[in-house]
Amino acid sequence: MGKFKILIVEDAQLIAVHLQKILQNANYEVIGRAANYEEAIAICKKSTPDLALMDIMIDGDKDGIETAIELKEKYNLPIIYLTALTDGSTIERAKKTNPYGYIMKPFQEEQVVTFLEMAIHKYTVENKLRESEEKFKAAVGSISDALLFVEEDFTVSYLNKAAEAISGQSLTEVEGKPLVDVFKFSDFETGNEIPNIWKWFNVKDNEQEFKSLYLTQPNGKKVPIGDGTINAVFDEKKKLKGVVLTFKNITKRLENESMEKQLEKTKLAAIIEGQEMERARISREIHDGLGQTLNAIKLNISTFFNGADKERAIKDLQNLIGEAILETGRISENLLPSKLKDFDISTCLLSLSNQKYGDLSVSFESTEVKHDRIGINKKINLYRITQEAISNAAKHANAKNLNIQLRSSAKSVILTIEDDGVGFDVSTRNNKVLEGHHGLQNIEDRVNIMDGVFEIDSKNKLGTVLIIEVPYDKKLAVA
Ligand SMILES: Nc1ncnc2c1ncn2[C@@H]1O[C@H](COP(=O)(O)OP(=O)(O)O)[C@@H](O)[C@H]1O
Ligand SMILES: [Mg+2]
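Number 114 in full-length UniProt numbering belongs to position 114 of the sequence shown; there are no gaps in the numbering.
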């Protein structure tokens with residue numbers, strides 16, 4: 001910091017010059033001497049002083065006090081008055097400008113210097129205090145948690161911005177009012193108003209917490225709040241000064257939680273529904289196919305005993321039993337494709353890719369996959385996943401080509417399925433599940449069961465790619 005800069009406002013030339021000498025001797029910089037209001041302003045415009053020594057009785061339209069008021073307003077300038085006057089009304093007027101003091105005329109050199117030193121010290125300390133207070137206010141004001149200060153007598157003395165927003169009231173509306181009158185809390189479960197929140201303030205230890213509550217705004221809207229804390233504030237003499245409350249608006253959190261719950265439920269329902277549909281399908285197949293054939297066999301056996309043409313009847317029976325065997329094979333194949341038991345996953349996917357899918361052409365590539373480390377469960381899952389992905393591309397994508405790749409990394413097998421169709425907005429997936437579309441969810445569930453990673457990337461008009469990475473099984477025992 002350079003020298004402290006002082007402006008002298010004094011219309012008596014001799015006194016002003018004398019004062020300037022004193023100040024310069026004491027190593028202050030005098031940036032100017034003004035004899036009236038206009039001159040003072042002109043000097044300040046050129047270079048701002050740190051302080052003004054102000055004679056109360058000066059020439060011109062404005063006296064020293066009026067000039068001081070202007071300088072304070074325009075330049076936030078601290079003032080020390082020089083005066084020979086001590087009449088009550090002038091002193092009263094001067095007081096209102098919050099001066100750092102009065103130097104009585106006539107003055108002594110040492111007196112002026114000591115006085116200035118004290119005033120400057122006071123000014124510096126106050127400035128620091130104000131700065132740090134502003135910093136704290138800004139910090140507290142801008143934190144995202146709601147914060148309110150309640151005085152010892154339970155009146156509200158401060159709300160930060162977040163607290164204003166949550167409570168629907170501004171600081172000016174509630175300042176000085178009893179907390180119970182302006183903050184209506186109610187129980188989270190019952191919704192009943194909590195009448196006696198005084199109890200909260202039995203703050204024996206420094207900190208307490210409170211669970212979720214509702215805070216009712218003046219317009220009647222109930223805002224859920226949570227993560228609340230209550231801290232007693234003590235001064236240096238350990239005397240209770242008041243209590244600080246903080247809490248958060250948990251509306252979003254509750255919404256997310258309830259959405260997640262809903263989604264969980266739907267997913268579970270989807271799995272159960274899927275299982276039930278599969279059972280119904282198998283039951284129908286057995287009833288309509290195998291069941292009918294067995295009925296026919298039964299009928300033919302009675303014909304065999306009653307009829308004449310035994311040879312013919314045996315032939316018919318043979319045929320029917322052959323059909324029943326075929327039917328059984330078909331059902332069992334549908335339940336678990338036999339190739340999955342007999343061949344490795346690459347072969348099974350290749351065979352899947354060779355089936356007909358309307359206009360969609362499906363290709364398959366695989367490289368160096370460790371087949372001895374893909375057990376039957378993983379095989380089934382990868383197969384079903386691929387079936388669903390092909391069916392989606394055929395149904396939704398309007399794609400020409402679909403490419404399936406099976407690759408290997410050190411510890412896992414990677415299945416990539418890519419189509420060149422219309423793509424879709426992946427961020428809507430959860431909504432789709434809620435609307436009853438479960439295919440992709442089933443894929444994800446299967447991947448999760450295998451401790452794998454599922455990624456889906458889809459761009460409008462640029463197609464869709466699914467990447468599924470599944471850790472290898474431990475080396476399977478050689479049969
Ligand atoms: N390959 C794809 N190309 C374009 N859209 C797709 C593709 N796969 C899935 N979708 C979109 O995602 C939705 C959800 O798919 P899915 O969960 O399999 O249910 P579903 O096939 O029963 O509609 C589909 O309705 C479709 O809008
Ligand atoms: Mg589907």
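For each residue, glycine too, the CB sits at the ideal point set by N, CA and C. Small disclaimer: the values here were computed from a predicted structure and weren't measured.
Is any heavy atom in ligand 2 found nearer than 6 Å to the beta carbon of residue i?
i      : result
Asn442 : no
Gly375 : no
Gly439 : yes
Quick one: residues in its chain with C-beta nearer than 8 Å to the C-beta of residue i, no 5 flanking neighbours on either side, listed in chain order?
i      : result
Gly423 : Ala397, Ser458, Lys459, Asn460, Lys461, Leu462, Gly463, Thr464
Leu294 : Ala324
Ile80  : Leu51, Ala52, Leu53, Met54, Pro99, Tyr100, Gly101, Tyr102, Ile103, Phe115, Leu116, Ala119
Leu335 : Ile282
Gln111 : Ile103
For ligand 1, is there any heavy atom lying closer than 6 Å to the beta carbon of residue i?
i      : result
Ala393 : yes
Phe343 : no
Phe424 : yes
Lys161 : no
Lys432 : yes
Gly358 : no
Thr464 : yes
Gly291 : no
His371 : no
Gly274 : no
Ala270 : no
Asp419 : yes
Ala308 : no
Ala139 : no
Strictly by DSSP, which residues pair up with residue i?
i      : result
Ile230 : Gln208, Leu245
Leu240 : Phe234
Met54  : Val9, Tyr81
Ile216 : The sequence shown places Thr at residue 216, not Ile. DSSP, once it has assigned bridges, lists Lys184, Lys222 as partnering Thr216.
Asp342 : BP columns for Asp342 are empty, so no partner.
Asp419 : Leu402, Thr464
Ile414 : Arg407, Glu469
For the beta strand (DSSP E) containing residue i, name the first residue and the last one.
i      : result
Gln458 : Here residue 458 turns out to be Ser, not Gln, going by the sequence shown. That run of the beta strand (DSSP E) goes 453-459.
Met104 : 102-104
Glu365 : 361-366
Thr266 : Segment 251-285 is the alpha helix (DSSP H) holding Thr266; no beta strand (DSSP E) there.
Gly191 : Where Gly191 is concerned, there is no enclosing beta strand (DSSP E), given that its DSSP letter is neither H nor E.
Thr464 : 463-471
Arg33  : 29-34
Tyr158 : 156-159
Glu151 : 146-151
Leaving out five residues before and five after residue i in sequence, what residues of the same chain have Cβ atoms less than 6 Å from its Cβ?
i      : result
Ala34  : Val9, Ala40, Ile43
Lys222 : Tyr214, Thr216
Gly32  : Leu7, Ile43
Ala84  : Lys105
Phe188 : Ser212, Leu213
Leu77  : Ala52, Leu71
Phe154 : Pro178, Leu179
Taking the continuous alpha helix (DSSP H) assigned at residue i, which residues delimit it?
i      : result
Phe424 : Taken as a continuous stretch (DSSP letters only), Phe424 belongs to no alpha helix (DSSP H), as it is neither H nor E.
Tyr123 : 109-142
Ser409 : Here Ser409 belongs to no alpha helix (DSSP H), and DSSP marks it neither H nor E.
Phe304 : 292-306
Val182 : 179-182
Tyr75  : 64-75
Ile390 : 376-392
Thr86  : Here Thr86 belongs to no alpha helix (DSSP H), and DSSP marks it neither H nor E.
Thr172 : 171-174
Gly289 : No alpha helix (DSSP H) contains Gly289, which DSSP labels as neither H nor E.
Glu39  : 37-46
Lys315 : 310-335
For residue i, I'd like the list of residues in its chain whose CB is within less than 7 Å of its CB, leaving aside the five on either flank, ordered along the chain.
i      : result
Ala479 : Only weak support exists for where Ala479 lies, its pLDDT of 48 falling under 50; the coordinates are left without a value.
Asp316 : Asn300
Arg429 : Leu440
Glu368 : Ser408
Thr251 : Val223, Pro224
Does any CB atom of chain D fall closer than 7 Å to the CB of residue i?
i     : result
Glu70 : Looking for chain D here will not work: only one protein chain is present.
If contact is defined by three or more beta carbon pairs under 8 Å, each pair taking one atom from either stretch, is the stretch 262-275 in contact with the stretch 176-188?
no
Touching or not, the stretch 125-138 and the stretch 28-47, by the rule of three or more beta carbon pairs under 8 Å?
no
Taking three-plus beta-carbon pairs below 8 Å as touching, is the stretch 379-397 in contact with the stretch 318-334?
no
Counting Cβ pairs, one atom from each stretch, are 3 or more of them under 8 Å apart for the stretch 249-258 and the stretch 273-288?
no
Report yes or no: do three or more beta-carbon pairs, one from the stretch 83-98 and one from the stretch 13-31, lie closer than 8 Å?
no
Quick check: the stretch 344-357 against the stretch 368-375, are there 3 or more CB pairs under 8 Å?
yes
Inspect the CB distances between the stretch 236-248 and the stretch 143-150 and report whether three or more fall short of 8 Å.
yes
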